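Trainee:
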Amino acid sequence: MTAMLTIDIDIARRFILGKQGLWPGRRWRGTEGVEQAMRAMEYLQLDPLQIIARSQDIKLHSRVLEYTPGLWEEVTYGQRKFFDWGGWLAVRPMDELPHWRVVMRRERESASRLSETANEHAEAIVEMRDILRERGTVSNRDFKMATRKRTDSYRGRKDSALALYYLWRTGEVMTHHRENFERVYALTETVAPAHLIVESDEAAADRFLIKKDVAFSGLSRVGRAQDSYHRGLPLNEVKTMLAAMLADGDLIEVKVEGWKAVHHALGSDAALLDDLIAGRVPEPWMPLEGSTTDEVVFLAPLDPVSARGRAKILFGFDYVWEVYKPVHQRKFGYYTLPVLWGERLVARFDSKLDRTTNTFIILGLWLEEEALGTDEAFAEALARGFARFVRFLGADTLDATAVKEPLLRHRIESSTATD
Numbered sequence: 110m111t112a113m114l115t116i117d118i119d120i121a122r123r124f125i126l127g128k129q130g131l132w133p134g135r136r137w138r139g140t141e142g143v144e145q146a147m148r149a150m151e152y153l154q155l156d157p158l159q160i161i162a163r164s165q166d167i168k169l170h171s172r173v174l175e176y177t178p179g180l181w182e183e184v185t186y187g188q189r190k191f192f193d194w195g196g197w198l199a200v201r202p203m204d205e206l207p208h209w210r211v212v213m214r215r216e217r218e219s220a221s222r223l224s225e226t227a228n229e230h231a232e233a234i235v236e237m238r239d240i241l242r243e244r245g246t247v248s249n250r251d252f253k254m255a256t257r258k259r260t261d262s263y264r265g266r267k268d269s270a271l272a273l274y275y276l277w278r279t280g281e282v283m284t285h286h287r288e289n290f291e292r293v294y295a296l297t298e299t300v301a302p303a304h305l306i307v308e309s310d311e312a313a314a315d316r317f318l319i320k321k322d323v324a325f326s327g328l329s330r331v332g333r334a335q336d337s338y339h340r341g342l343p344l345n346e347v348k349t350m351l352a353a354m355l356a357d358g359d360l361i362e363v364k365v366e367g368w369k370a371v372h373h374a375l376g377s378d379a380a381l382l383d384d385l386i387a388g389r390v391p392e393p394w395m396p397l398e399g400s401t402t403d404e405v406v407f408l409a410p411l412d413p414v415s416a417r418g419r420a421k422i423l424f425g426f427d428y429v430w431e432v433y434k435p436v437h438q439r440k441f442g443y444y445t446l447p448v449l450w451g452e453r454l455v456a457r458f459d460s461k462l463d464r465t466t467n468t469f470i471i472l473g474l475w476l477e478e479e480a481l482g483t484d485e486a487f488a489e490a491l492a493r494g495f496a497r498f499v500r501f502l503g504a505d506t507l508d509a510t511a512v513k514e515p516l517l518r519h520r521i522e523s524s525t526a527t528d
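110 is the number of the first residue of the sequence shown in this note's numbering; add one for each residue after it.
(1) Assuming Phe124 and Leu355 are in contact, meaning their beta carbons sit under 8 Å apart, how far apart are those beta carbons, in whole angstroms?
(2) What residue from Phe469, Lys128, His437 and Phe487 has the CA that sits closest to Ala509's CA?
(3) What alpha helix (DSSP H) runs, 4 residues minimum, are completely inside the segment 419-505?
(4) What number of angstroms, rounded off, separates the C-alpha of Trp209 from the C-alpha of Thr185?
(5) On the criterion of 16 or more Cβ atoms from any shown chain inside 10 Å, does Leu126 qualify as buried, or is it exposed?
(6) Excluding sequence positions up to five away, which residues of its chain have a Cβ less than 7 Å from the Cβ of Val512?
(7) Would you say Arg264 and Met213 are within 8 Å of each other, going by their C-beta atoms?
(8) Report the option in Leu507, Glu485 and Glu431 whose CA atom is closest to the CA atom of Leu516.
(9) Looking only at its own chain, which residues have a Cβ that is under 7 Å from the Cβ of Asp336, when we skip the five neighbours before and after it?
(10) Quick check: what's the CA-CA separation for Leu411 versus Gln154?
(11) Have a look at Thr465 and Gln159 and give me their C-alpha separation to the nearest angstrom.
(12) Can you check which of these residues, Phe501, Gly134, Arg201 and Leu273, is closest to Phe325 by C-alpha distance?
(13) Taking DSSP's pairing of strands, which residues face Ser329 in a bridge?
(14) Would you identify the three-state DSSP class for Trp209, choosing helix, strand or coil?
(15) What distance in whole Å lies between the Cβ atoms of Leu446 and Arg453, which are believed to be in contact at a cut-off of 8 Å?
(16) Would you mind stating whether Arg163 and Trp137 have Cβ atoms separated by less than 8 Å?
(17) Mind checking whether Ala270 and Asn249 have CB atoms under 8 Å apart?
(18) Can you tell me the Cα-Cα spacing of Glu489 and Asp403, whole angstroms?
(19) I think Val414 touches Gln129, with their Cβ atoms under 8 Å apart; what is that distance to the nearest whole Å?
(20) My understanding is that Leu206 touches Leu305, with C-beta atoms under 8 Å, so please give their C-beta distance in whole angstroms.
(21) Quick check on Met113: buried or exposed, where buried means 16 or more other Cβ atoms within 10 Å of its Cβ?
(22) What do you get for Tyr433, buried or exposed, if any count of 16 or more other CB atoms within 10 angstroms of its CB means buried?
(23) With respect to the beta strand (DSSP E) encompassing Ile116, which residues constitute its N-terminal and C-terminal limits?
(24) Pick out the complete alpha helix (DSSP H) segments inside the segment 341-416, 4 residues or longer, and give them in chain order.
(25) So Ser248 is in the beta strand (DSSP E); what residue range does that whole segment cover?
(26) Measure the CB-CB distance between Leu328 and Val300 and report whether it falls below 8 Å.
(27) Please state whether the Cβ-Cβ distance between Glu346 and Phe426 is less than 8 Å.
(28) Please list, in chain order, all residues of the same chain as His373 whose beta carbon is under 6 Å from its beta carbon, the five residues on each side excluded.
(29) Using 7 Å as the cut-off, classify the Cβ of Ala162 as near or not near the heavy atoms of the ligand FMN, replying yes or no.
(30) Can you give the beta carbon distance from Leu449 to Leu385, rounded, assuming they're within the 8 Å contact cut?
(31) Roughly how many angstroms lie between the CA atoms of Ser400 and Phe191, to the nearest whole one?
(32) Just to confirm my understanding: we take Trp226, look at its own chain, exclude 5 residues before and 5 after, and list those with CB closer than 7 Å. What are they?
(33) In this structure, how does DSSP classify Lys320 when only helix, strand and coil are distinguished?
(34) I'd like the list of long-range same chain contacts for Phe441, defined as Cβ closer than 7 Å, with 5 residues on each side in sequence excluded.
(35) Is Leu180 closer than 8 Å to Val143 when the C-beta atoms are compared?
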């Protein structure tokens, strides 16, 4: 067993950002880079909202040079390198499917809403199977409400929708592709390679899921995996498995100064931590162009390094995605994004894309420190970030009128005007 590592918060921050491909700069490019980034991220959580762009596209823009909206769909549904699945909806590498099929079976066998769906809509489930065999692909929109049994579920208002969702969650069907983000289903054997439509060993699946969760977090307390790897597994068995994984080096213990709990990292990441402790940037992390110090990066609302309270823990940055809050309860804005400069979150902005005039409009910019408003280096980095973001969105113009700081506003306007 490797001795426990002790690191400070600065190293923890660099490690977590680096694991997620956000520091010290973009290290992937184009379509091939999208696949590499998605594998490094472990999970690409999906969200249907498209205010300026969808969260998953903003995530990949912040990590991949020359990223354009929708490229993740090409590598997922076009090249079949990934598949989407789960109550916590995320894209995962296709070669992991045997492990996930263990979880799918567990979900099918557990006493849950899925089992209720199986009982209450058994006829519809059989019907959807038959229709899929006949048609090949099916979407929820193929069935008119007037012809279906109405249901009261946030997963769907028709029995056909719940039946398709059940078949998808339990592994009989997969997402063939998406149309306007809506899933188009197909039988699993028509989507995934035959050699992957198997279940891995139970113990191997559980170890995989623990490692997956740790890799996704960078540093994890392994208290609850995103996909509940311990479903049906008694807590004492989870503890026994963790002890075994520590003993054989799959995991290592890491103590972050100022954090109460001991965290876990992958044993294979020990070399990365050693580099960071020594003040080096790990060779695999070297950026292709510039760095986050040269050009700020905007984090998506659901980025794992900042979502769900993590921004406060890692950066001392109090961030809440306010999209679901009533207007009168919003402190900043509907779709506010954090700004990463170097290795710190230093600002946030709210914005919208006026599609009538194809203008990207900054609705507000809030700095964590007032001095940044007159900082030339930050002004240049912020301007470069906005220029790249405008290109990513395909906007023709940018309106920075709402930026209160004259230096920042001037740099942003000048950068996009001459880009």
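Every residue gets a Cβ at the ideal spot worked out from N, C-alpha and C, and that includes glycine.
Model, not experiment: these values are computed from the prediction.
Mentor: Looking at the coordinates:
(1) Working through the sequence shown from its first residue, we reach residue 124 at position 15. Working through the sequence shown from its first residue, we reach residue 355 at position 246. About 18 Å; that fails the 8 Å criterion.
(2) By 1-based counting over the sequence shown, the position of residue 509 is 400. Of the listed residues, the one whose Cα sits closest to Ala509 is Phe469.
(3) 419-424 and 485-502
(4) Numbered from its first residue, the sequence shown carries residue 209 at position 100. Numbered from its first residue, the sequence shown carries residue 185 at position 76. Approximately 16 Å between the Cα atoms of the pair.
(5) The residue given as residue 126 occupies position 17 in the sequence shown. That one is buried.
(6) Reading the sequence shown from its first residue, position 403 is the one you call residue 512. If we look at Val512 and ignore the five residues flanking it on each side, its Cβ neighbours are Ile471, Leu474, Arg518 and Ile521.
(7) Working through the sequence shown from its first residue, we reach residue 264 at position 155. Working through the sequence shown from its first residue, we reach residue 213 at position 104. Not closer than 8 Å, so no.
(8) On the sequence shown, position 407 is the one that residue 516 refers to. It is Glu485 whose Cα lies nearest to the Cα of Leu516.
(9) If you number the sequence shown from 1, residue 336 lands on position 227. Bear in mind that the predicted position of Asp336 carries a pLDDT of just 45, short of 50, making it too unreliable to give a figure here.
(10) Working through the sequence shown from its first residue, we reach residue 411 at position 302. Working through the sequence shown from its first residue, we reach residue 154 at position 45. Whole-angstrom Cα-Cα distance: 7 Å.
(11) Numbered from 1 along the sequence shown, position 356 holds the residue referred to as residue 465. Numbered from 1 along the sequence shown, position 50 holds the residue referred to as residue 159. If I take the Cα positions, the gap works out to 16 Å.
(12) As a working mapping, residue 325 is identified with position 216 in the sequence shown. Nearest option by C-alpha distance: Arg201.
(13) For the purposes of this step, residue 329 is taken as the residue at position 220 of the sequence shown. Answer is His373, bridged to Ser329.
(14) Translated into the one-based positions of the sequence shown, residue 209 becomes position 100. Here Trp209 sits in helix by DSSP.
(15) Stepping through the sequence shown from its first residue, residue 453 is reached at position 344. Stepping through the sequence shown from its first residue, residue 446 is reached at position 337. Contact between Arg453 and Leu446 fails: their C-beta atoms lie close to 15 Å from each other, not under 8 Å.
(16) As a working note, residue 163 is residue 54 in the sequence shown. As a working note, residue 137 is residue 28 in the sequence shown. Taking 8 Å as the Cβ cut-off, Arg163 and Trp137 do not qualify as a contacting pair.
(17) On the sequence shown, residue 270 is found 161 positions in, with the first residue counted as 1. On the sequence shown, residue 249 is found 140 positions in, with the first residue counted as 1. Closer than 8 Å, so yes.
(18) Walking along the sequence shown from the start, residue 489 turns up at place 380. Walking along the sequence shown from the start, residue 403 turns up at place 294. So the alpha carbons of these two residues sit roughly 8 Å apart.
(19) Sequence index remark: in the sequence shown, residue 414 carries index 305 (1-based). Sequence index remark: in the sequence shown, residue 129 carries index 20 (1-based). Contact flag correct, Cβ pair sits at about 5 Å.
(20) Locating residue 206 in the sequence shown gives position 97, counting from the first residue. Locating residue 305 in the sequence shown gives position 196, counting from the first residue. The pair is a contact, with the Cβ atoms about 4 Å apart (cut-off 8 Å).
(21) Sequence index remark: in the sequence shown, residue 113 carries index 4 (1-based). Here Met113 is exposed: its Cβ has fewer than 16 other Cβ atoms, across all protein chains shown, within 10 Å.
(22) Taking the first residue of the sequence shown as position 1, residue 433 is located at position 324. Tyr433 comes out exposed.
(23) In the sequence shown, counting from the first residue as 1, residue 116 sits at position 7. Leu114 to Ile116 is the span of the beta strand (DSSP E), which, as asked, contains Ile116.
(24) 344-356 and 379-386
(25) Taking the first residue of the sequence shown as 1, we reach residue 248 at position 139. It spans Thr246 to Ser248 - the beta strand (DSSP E) in which Ser248 sits, taken as one unbroken run.
(26) Here residue 328 is taken as the residue at index 219 of the sequence shown, counted from 1. Here residue 300 is taken as the residue at index 191 of the sequence shown, counted from 1. Cβ distance not < 8 Å, so Leu328 and Val300 don't count as in contact.
(27) For the purposes of this step, residue 346 is taken as residue 237 along the sequence shown, with counting starting at 1. For the purposes of this step, residue 426 is taken as residue 317 along the sequence shown, with counting starting at 1. No, the Cβ-Cβ distance between Glu346 and Phe426 is not below 8 Å.
(28) As a first step, residue 373 is located in the sequence shown; it is residue number 264 there, counting from the start. So the qualifying residues of the chain are Val323, Ser329, Val331 and Leu360.
(29) Ligands are entirely absent from the displayed structure, and the ligand FMN is therefore not among its contents.
(30) As a position in the sequence shown, residue 449 is number 340, starting the count at 1. As a position in the sequence shown, residue 385 is number 276, starting the count at 1. No, Leu449 and Leu385 are not in contact; Cβ-Cβ is about 17 Å, not under 8 Å.
(31) Residue mapping note: residue 400 aligns to position 291 of the sequence shown, counting from 1. Residue mapping note: residue 191 aligns to position 82 of the sequence shown, counting from 1. Straight-line Cα distance between these residues: approximately 28 Å.
(32) Mapped onto the sequence shown, residue 226 falls at position 117. First, the residue type needs correcting, since residue 226 is Thr and not Trp in the sequence shown. Taken in chain order, the residues that qualify are Leu271 and Tyr275.
(33) Along the sequence shown, one-based indexing puts residue 320 at 211. Helix at Lys320.
(34) The residue labelled residue 441 in the question sits at position 332 within the sequence shown. Excluding residues within five positions, the ones whose Cβ falls inside 7 Å are Glu431, Arg457, Asp459, Gly473 and Trp475.
(35) For the purposes of this step, residue 143 is taken as residue 34 along the sequence shown, with counting starting at 1. For the purposes of this step, residue 180 is taken as residue 71 along the sequence shown, with counting starting at 1. Contact: yes.
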